Structures are given as C-alpha cells and as structure tokens.
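Participant: Please find one structure pasted underneath; my questions will follow.
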Ligand code: MF3
Ligand code: CO
Ligand code: CO
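Numbering (our numbering), first residue to last: 83 to 338.
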C-alpha cells in the first residue's frame, strides 16, 4: 500500500496512539524551564510513555537513535539527542518531538516551547512556523495534492522572509513509523499525489530564520542550520476524512 490509505478500524488505533503522543507534549510543558537538562525531559517522557501510558517510545533504538524523544534547541533543526550536558537557558527555543506506539500503531507529533521569555525574533519564527502547519492542515481534504500542501507552507514561510528546510520531510505513518508518501514542505500547486479519504501522514515543517541549508553533526543525528541561525518545527499526525481532516495528535490547547 503506497498511498497510506487506512480503514476506519486502523484509524481508530492511530487516534489512540496520537492522543497519547499529544498527552506527552502536554505533560512535559511545565518542566521546560531554565536549568533543566534535555536528558531529564527525555527521562520524564520515557517514564510517562512506558509506565503511565503502557506504550512504546518509538524513537528509542530506531535506526540506533539512543533516546526516547528528540530535543532540538535553537539552531538545531531536528533529531537533537537528549543529553545530560545540554542545560536549557533563558531565551532558548526547543522542539520536543514525541512518537509513541500503542497496540502496534504510531502517533508522531512535536511542538515548540520557550525557555523563559523569548526574544521577539524567536517568538516570531515559532509563530510563523506554527502558522505554516495550520495553513497546510486547513487545505487537507480529498482532492488536495501534495504540491498544494508544500506550496502553502513555502509561501507563508517565504512571505515572512524565512526559508523552508528541504532536507527533511513529513511522511506517511501507520503501523510503521515512516512510510510513503513523502510530504515535502515546499512545492507547486496542483502537482504530486492527490489526497484520498483514509490516508494518514504527518506534516512537520522545519522553517529557518536564515538560509535553508542543514548539516548533520558527528553524532550522526543532530541536524543544524549551516548558518547557525534559529530553526523551528511543529508536527501533527492526521487522517484525511470524507470532507476534510482529523488531527490525530491534537492537544487540548488547540481547536481544529
Ligand atoms: N519523530 C521524527 C519524525 O517526525 C523522527 C525521529 S527519528 C529519531 O519523523 F530516531 F530521531 F528519533
Ligand atoms: Co514525523
Ligand atoms: Co516527529
């Protein structure tokens, strides 16, 4: 199955997994404060997923990734590895990316947090990046193309003098973590695969304050901006419905 179409029963399982992933992001917010290590955030998320949710942290051991969540601070675009040596400080921005497996099905979501009070340019990048995700979600329905999705994200980012990271993308998701199709965060209207009811995938735009280039550090995971300026990311897992979209990883603070 290359178009990621799921049955209502399968989507019901993804709804459960998605809710759990969202709850991890809700739970961890109060701990994202100056002085905390990303290792501690990882430990709290891991323990919540395993002990409270009786679910599996999908990142742990995935292609050798050593931790249960990704923690991407400031110039880190994605796949930051939690570490005892990474202490958050006032003014940092951090993306926490959580994927859980429940009953064999995946939910994948991330959000940005401010550590203390953000400086205005960081706050603006984070807000515009969230708007990119929300504008893409708004057009998801049967008949929309993948190019349409990429286009709205790219338009909104570039209108704000930001750039879209091209080296990473969203993905189909279901009973495997990453499946077809790739969801590019840039593109041309009317091009690419046409969405159908029952497709499940993520949209997870990574938007840079400066140039779009990325490079992966020697740890083999941490992707940073080449120019070391800030990057932000927001992610949801969703299912295409008969007339729109259901956000499977919606948090209480959101209204879709
Ligand atoms: N959650 C990430 C995504 O959105 C993937 C992380 S893979 C890991 O697709 F190994 F880095 F955890
Ligand atoms: Co993802
Ligand atoms: Co993710």
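Positions of the beta carbon are idealized from the N, C-alpha and C atoms, including for glycine. Note that the structure is predicted; figures quoted are calculated from it, not measured.
#1: Check whether the Cβ atoms of residue 107 and residue 333 lie closer than 8 Å to each other.
#2: If you measure between the beta carbons of residue 246 and residue 233, is that distance less than 8 Å?
#3: How close, in whole Å, do the beta carbons of residue 208 and residue 176 come, if the pair is a contact with beta carbons under 8 Å?
#4: Is residue 282 near ligand 1, with its Cβ less than 7 Å from a heavy atom?
#5: Could you tell me whether the Cβ atoms of residue 317 and residue 191 are closer together than 8 Å?
#6: Is it the case that the CB of residue 318 approaches a heavy atom of ligand 2 more closely than 7 Å?
#7: Got a sec, what are the start and stop residues for the alpha helix (DSSP H) residue 127 sits in?
#8: For residue 319, report the span of its beta strand (DSSP E) as first-last.
#9: Please classify residue 242: does DSSP put it in a helix, a strand, or coil?
#10: When the Cα atoms are used, what is the spatial distance from residue 83 to residue 201?
#11: Tell me whether residue 188 counts as near ligand 1, meaning its Cβ is closer than 7 Å to at least one heavy atom of that ligand.
#12: For residue 285 and residue 218, which I take to be in contact (beta-carbon distance under 8 Å), what is that distance rounded to the nearest angstrom?
#13: With the cut-off set at 8 Å, would you say residue 123 and residue 164 are in Cβ contact?
Facilitator: For this structure:
#1: Yes; because the gap between Cβ atoms is below 8 Å, this pair is in contact.
#2: Residue 233 is positioned such that its CB atom lies no closer than 8 Å to that of residue 246.
#3: Their Cβ separation, rounded to whole angstroms, is 10 Å, which puts residue 208 and residue 176 out of contact at 8 Å.
#4: Residue 282: no, Cβ never under 7 Å from ligand 1.
#5: The answer is yes: Cβ separation under 8 Å.
#6: Distances taken from the Cβ of residue 318 to the heavy atoms of ligand 2 include none shorter than 7 Å.
#7: Looking at the DSSP string, the run of the alpha helix (DSSP H) that includes residue 127 is 120-129.
#8: Where residue 319 is concerned, the enclosing beta strand (DSSP E) stretches over 318-322.
#9: In the structure shown, residue 242 sits in coil (DSSP, three-state: anything other than H, G, I, E or B).
#10: Because residue 83 sits at a pLDDT of 49, beneath the cut-off of 50, its placement in the model cannot be relied upon, and the following sentence gives the value as read from the coordinates. Those two C-alpha atoms are separated by around 45 Å.
#11: No - ligand 1 has no heavy atom lying nearer than 7 Å to the Cβ of residue 188.
#12: Correct: roughly 5 Å between the Cβ atoms.
#13: Their beta carbons are under 8 Å apart, which means residue 123 touches residue 164 by this criterion.
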